[in-house]
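Enquirer:
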Amino acid sequence: MNAAGLEVAPPKKKCQDERCPFHGHLKVRGRLLSGKAVSASEKSFAVVQMEYLHMVPKFTRGERRRSRVSAHVPPCIEVREGDAVTLGECRPLSKTISFVVVESRRGA
158 MNAAGLEVAP PKKKCQDERC PFHGHLKVRG RLLSGKAVSA SEKSFAVVQM
208 EYLHMVPKFT RGERRRSRVS AHVPPCIEVR EGDAVTLGEC RPLSKTISFV
258 VVESRRGA
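If you're matching positions, the sequence shown starts at 158 in this note's numbering and goes up one per residue.
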């Protein structure tokens, strides 16, 4: 484990963001989610889409579903559209943002 208490590698870049789990005071607790960054046009947040299988008991089959979550992106982590990202749950940062990006992997 590192300073943020996560099993992910800390970013090589440093930042002065108070809302960064590695260099600021933001505590990550709860769930860790992984998905694909769908929109990263804004500088401080991204929209991440997660796909999962949902079983339909009536037909005993599975169907694919998608869910989108808004997440804060610290300046020390660079996220582009199409990147595979890992999110950590934190306190509510705004009306729709309760997750923070803790790791980004290019084009995965």
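Backbone N, C-alpha and C fix where the C-beta goes; we use that ideal spot for every residue, glycine too.
Roughly how many angstroms separate the alpha carbons of T253 and T217, rounded to a whole number?
Expert: Going from the Cα of T253 to the Cα of T217 covers about 34 Å.
Enquirer: Straight-line CA distance for M207 to P167?
Expert: Spanning the two alpha carbons is a distance of roughly 23 Å.
Enquirer: Select from Y209, V185, S201, H180 the residue whose C-alpha is nearest the C-alpha of G192.
Expert: The candidate whose alpha carbon is nearest that of G192 is Y209.
Enquirer: Quick one: give me the first and last residue of the beta strand (DSSP E) that T253 is part of.
Expert: From DSSP, T253 is part of no beta strand (DSSP E); its letter is neither H nor E.
Enquirer: Suppose contacts are defined by Cβ-Cβ distances below 7 Å. Is G245 in contact with V226 by that definition?
Expert: For G245 and V226, no; Cβs fall outside 7 Å.
Enquirer: Grab the span of the beta strand (DSSP E) containing S227 for me, first residue to last.
Expert: Residues 218-229.
Enquirer: Apart from the five residues on each side of it in sequence, which residues of its chain come closer than 6 Å, Cβ to Cβ, to S224?
Expert: Answer for S224: M207, listed in chain order.
Enquirer: So for E260, helix, strand or coil by DSSP?
Expert: If DSSP states are grouped into helix, strand and coil, E260 belongs with the strands.
Enquirer: Can you give me the Cβ contacts of S196 inside the same chain, cut-off strictly under 6 Å, excluding the 5 residues immediately before and after it?
Expert: Excluding sequence neighbours, S196 sits near V204.
Enquirer: Taking 7 Å as the cut-off, decide whether the C-beta atoms of C233 and K170 are in contact.
Expert: Taking 7 Å as the Cβ cut-off, C233 and K170 qualify as a contacting pair.
Enquirer: Could you please give the first and the last residue of the uninterrupted beta strand (DSSP E) stretch that includes F179?
Expert: No beta strand (DSSP E) contains F179, which DSSP labels as neither H nor E.
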